[in-house]
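Asks: To convert, note that position 215 of the sequence shown is 216 in our numbering; the numbers rise steadily by one, no gaps. We treat Cβ as the ideally placed atom computed from N, Cα and C, and that holds for glycine. Please see the structure below; I have some questions.
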Amino acid sequence: MKSKISSFIMISSSLSIIIFSFYTFLKSYNKMFYIKHPITILFIIIIILLLIILEFINNLIFEKKIESLSEKEKKIILERNEGNYFYLFYKFLFHYNENKKIKKVKKIDHGFDGIIELDNNIPIWWTHLFFLTIIFSMIYLISYLTLDFSNPYKEYKIAYEKQLKEIKIFEKNTPQTSLKKSFFKKNLINDGKILFEENCSTCHQKDGSGNIGPNLTDDYWINIVEKDLYKNIFSIIWNGSKKNPTMRAFGESGEIKGNDIEKISSYVYFINKKKIKPNKQKSPQGKKILIWNIK
Ligand code: HEC
């Protein structure tokens with residue numbers, strides 16, 4: 002018999018099974034297995050060549066065998082192999098039992114309800130799909146049990162470690178600002194607003210009008226540690242209040258990084274300078290300062 006399946010299908014399906022098993026087995030261990038890697042490409046080329054050779058040999062054997070048969074047998078076999086690969090493949094999938102078909106289809110008598118059931122054969126594509134799922138599950142099961150593949154805890158750990166590394170690199174490449182270097186930046190106000198709402202609004206209210214902590218939108222200040230309003234805000238967020246530990250040292254403790262404190266400070270400075278003030282404000286606390294920068 003000539004092979005029923007075209008080499009295109011044979012090659013591509015065998016390759017996908019090989020690549021799939023390679024992928025599942027090697028993925029977690031070995032970064033070498035990437036489709037683009039030269040060794041992988043070489044490997045695929047070699048497999049394709051081998052499959053083509055195999056296909057060629059099969060055809061040769063078929064022709065040699067036919068030569069040795071009698072005319073009658075030759076005719077039958079050639080008739081059976083008529084048509085191109087696609088037609089043969091189609092026949093293979095849907096009419097596999099052509100010879101057996103001549104035999105009567107098995108009948109199952111239910112007996113009690115008088116219905117007779119025809120017990121047809123399952124089409125071959127179905128059977129093959131079934132075997133394929135078994136192969137798939139075996140590869141998957143072995144790699145799942147013995148390797149890191151698809152193990153959610155290990156995947157999580159790898160992803161987590163990767164993220165930590167990225168954060169470290171990011172922090173290394175973005176130097177943090179400090180009280181000395183920092184100044185008001187208009188473009189940071191929006192980012193600062195988000196950070197303020199996350200970190201500060203519980204005590205200072207979303208709009209900065211004050212709650213447990215003082216009103217940040219008026220001109221009264223309990224803490225005056227710098228000569229400049231912006232620096233004063235930055236300094237308090239960094240060092241906390243020396244008078245009241247409720248206002249903790251966000252910067253010094255490392256809770257908020259310098260660049261974020263710059264954003265928050267820019268936002269606090271902005272809402273303090275803004276002409277429009279919140280409707281409800283906490284009553285003034287501390288000393289009134291209208292003009293900063295007095296030496
Ligand atoms: C746990 C409550 C709490 C949180 C959270 C908090 N603060 Fe405060 N904050 C206070 C209190 C209380 C004071 C008053 C300190 C004092 O009396 O010296 C204060 C004072 C301040 C002052 C100085 C006000 C002045 O009149 O001296 C600034 C500026 C300030 N906070 C900004 C912030 C910013 C920005 C954040 C967020 C990063 C923040 N605070 C988070 C409670 C808090």
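1) Can you tell me whether GLY287 sits near the ligand HEC, meaning its C-beta is under 8 Å from at least one heavy atom of the ligand?
2) Would you say the beta carbon of LEU189 is closer than 8 Å to some non-hydrogen atom of the ligand HEC?
3) Would you kindly work out how many angstroms separate the C-alpha atoms of PRO39 and ASN233, rounded to a whole number?
4) Look at the Cβ atom of ASP192, then the Cβ atom of TYR268, and state whether they are nearer than 9 Å.
5) So, at 6 Å on beta carbons, what are the nonlocal neighbours of PHE185 in its own chain, with the 5 sequence-adjacent residues on each side left out?
6) Return the chain-ordered ranges of every alpha helix (DSSP H) run that is complete within the stretch 130-190 and spans a minimum of 4 residues.
7) Inspect the beta-carbon positions of ASN200 and GLY209 and report whether they are closer than 9 Å.
8) Please list the segments of the alpha helix (DSSP H) lying wholly inside the stretch 14-85, counting only runs of 4 or more residues, in order along the chain.
9) Could you tell me whether the stretch 216-226 touches the stretch 132-149, using the rule of 3 or more Cβ pairs below 8 Å?
10) Find the nearest neighbour of ILE54 within the set MET11, PHE137, LYS258, judged by alpha-carbon distance.
11) What is the rounded straight-line gap between the Cα of THR128 and the Cα of PHE63?
12) Cβ atoms of ILE67 and PHE93: under 9 Å apart, would you say?
13) Can you check the stretch 253-296 for any beta strand (DSSP E) of at least 3 residues that lies completely inside it and give the ranges in chain order?
14) Helix or strand or just coil, what does DSSP make of ILE238?
15) Taking the continuous beta strand (DSSP E) assigned at ILE213, which residues delimit it?
16) Quick check on PHE113: buried or exposed, where buried means 16 or more other Cβ atoms within 10 Å of its Cβ?
17) Classify GLN286 as buried or exposed, calling it buried when 16 or more other Cβ atoms lie within 10 Å of its own Cβ.
18) Report whether the distance from the Cβ of GLN260 to the nearest heavy atom of the ligand HEC is below 8 Å.
19) DSSP three-state call for ILE223: helix, strand or coil?
20) Can we count ASN244 as close to the ligand HEC, meaning its CB is less than 8 Å from some heavy atom?
21) Does the beta-carbon of TRP293, which I'm using as the reference point, lie nearer than 8 Å to any heavy atom of the ligand FAD?
22) At a cut of 8 Å, does the stretch 175-182 reach the stretch 250-262 through at least three beta carbon pairs?
23) Going by the C-beta, is LEU165 closer than 8 Å to any heavy atom of the ligand HEC?
24) Would you check if the distance between the CB atom of ILE48 and the CB atom of ILE19 is smaller than 9 Å?
25) Compare the beta carbon distance of LYS244 and LEU189 with 9 Å and say whether it is the shorter of the two.
26) Could you tell me which residues DSSP pairs with ILE109 in its beta bridges?
27) Output needed for ALA250: all residues of its chain with C-beta closer than 7 Å, excluding positions within five of it in sequence on either side, in chain order.
28) If you measure between the beta carbons of GLN282 and GLY214, is that distance less than 9 Å?
29) Cβ-heavy atom distance between LEU180 and the ligand HEC below 8 Å?
30) When you compare the CB positions of ILE1 and PHE21, do they come within less than 9 Å of one another, or not?
Replies: The relevant details are as follows:
1) Position 286 of the sequence shown, counted from the first residue, corresponds to residue 287. Because some heavy atom of the ligand HEC lies under 8 Å away, the Cβ of GLY287 counts as near it: yes.
2) Taking the sequence shown and counting its residues from 1, one reaches residue 189 at position 188. Checking the Cβ of LEU189 against the ligand HEC gives no.
3) One-based indexing of the sequence shown puts residue 39 at position 38. One-based indexing of the sequence shown puts residue 233 at position 232. Each residue's alpha carbon lies about 60 Å from the other.
4) Sequence index remark: in the sequence shown, residue 192 carries index 191 (1-based). Sequence index remark: in the sequence shown, residue 268 carries index 267 (1-based). Against a cut-off of 9 Å, the Cβ pair of TYR268 and ASP192 comes out as a contact.
5) Position 184 of the sequence shown, counting from 1, holds the residue named residue 185. Taken in chain order, the residues that qualify are TYR231, SER267, TYR270.
6) You should have 153-174.
7) Along the sequence shown, one-based indexing puts residue 200 at 199. Along the sequence shown, one-based indexing puts residue 209 at 208. Contact: no.
8) You should have 39-68, 72-81.
9) no
10) For the purposes of this step, residue 54 is taken as the residue at position 53 of the sequence shown. Taking only the C-alpha atoms, the option nearest ILE54 is MET11.
11) As a working note, residue 128 is residue 127 in the sequence shown. As a working note, residue 63 is residue 62 in the sequence shown. If you take the alpha carbons of THR128 and PHE63, they lie about 26 Å apart.
12) Translated into positions along the sequence shown, residue 93 becomes position 92. Translated into positions along the sequence shown, residue 67 becomes position 66. No.
13) none
14) Position 237 of the sequence shown, counted from the start, is the residue given in the question as residue 238. In this structure, ILE238 counts as helix in the three-state DSSP scheme.
15) Taking the first residue of the sequence shown as 1, we reach residue 213 at position 212. Neither: ILE213 is in no beta strand (DSSP E) and is coded neither H nor E.
16) In the sequence shown, counting from the first residue as 1, residue 113 sits at position 112. Burial call: exposed.
17) By one-based count along the sequence shown, residue 286 stands at place 285. Classification for GLN286: exposed.
18) In the sequence shown, residue 260 corresponds to position 259, counting from 1. The sequence shown places Asn at residue 260, rather than the Gln named in the question. No, the beta carbon of ASN260 sits no closer than 8 Å to any heavy atom of the ligand HEC.
19) Mapped onto the sequence shown, residue 223 falls at position 222. Of the three classes helix, strand and coil, the one that applies to ILE223 here is coil, per DSSP.
20) Counting from one through the sequence shown, the residue named residue 244 turns up at place 243. For clarity, residue 244 is Lys in the given sequence; the question names Asn instead. Because some heavy atom of the ligand HEC lies under 8 Å away, the Cβ of LYS244 counts as near it: yes.
21) Summarising the ligand content, the structure contains the ligand HEC and does not contain the ligand FAD.
22) yes
23) Counted from its first residue, the sequence shown places residue 165 at position 164. Incorrect: LEU165 has no Cβ contact closer than 8 Å to the ligand HEC.
24) For the purposes of this step, residue 48 is identified with residue 47 of the sequence shown, where counting begins at 1. For the purposes of this step, residue 19 is identified with residue 18 of the sequence shown, where counting begins at 1. A contact, by the Cβ cut-off of 9 Å.
25) On the sequence shown, position 243 is the one that residue 244 refers to. On the sequence shown, position 188 is the one that residue 189 refers to. Contact flag unset, no.
26) Along the sequence shown, one-based indexing puts residue 109 at 108. Per DSSP, the beta-bridge partners of ILE109 are GLU118.
27) Taking the first residue of the sequence shown as 1, we reach residue 250 at position 249. Closer than 7 Å at Cβ, skipping near neighbours: TRP239, ASN240, GLY241.
28) Taking the sequence shown and counting its residues from 1, the one referred to as residue 282 is at position 281. Taking the sequence shown and counting its residues from 1, the one referred to as residue 214 is at position 213. Not a contact, by the Cβ cut-off of 9 Å.
29) Here residue 180 refers to the residue found at position 179 of the sequence shown. Because no heavy atom of the ligand HEC lies under 8 Å away, the Cβ of LEU180 does not count as near it: no.
30) Here the chain covers residues 2 to 296 and nothing more, so residue 1 does not appear.
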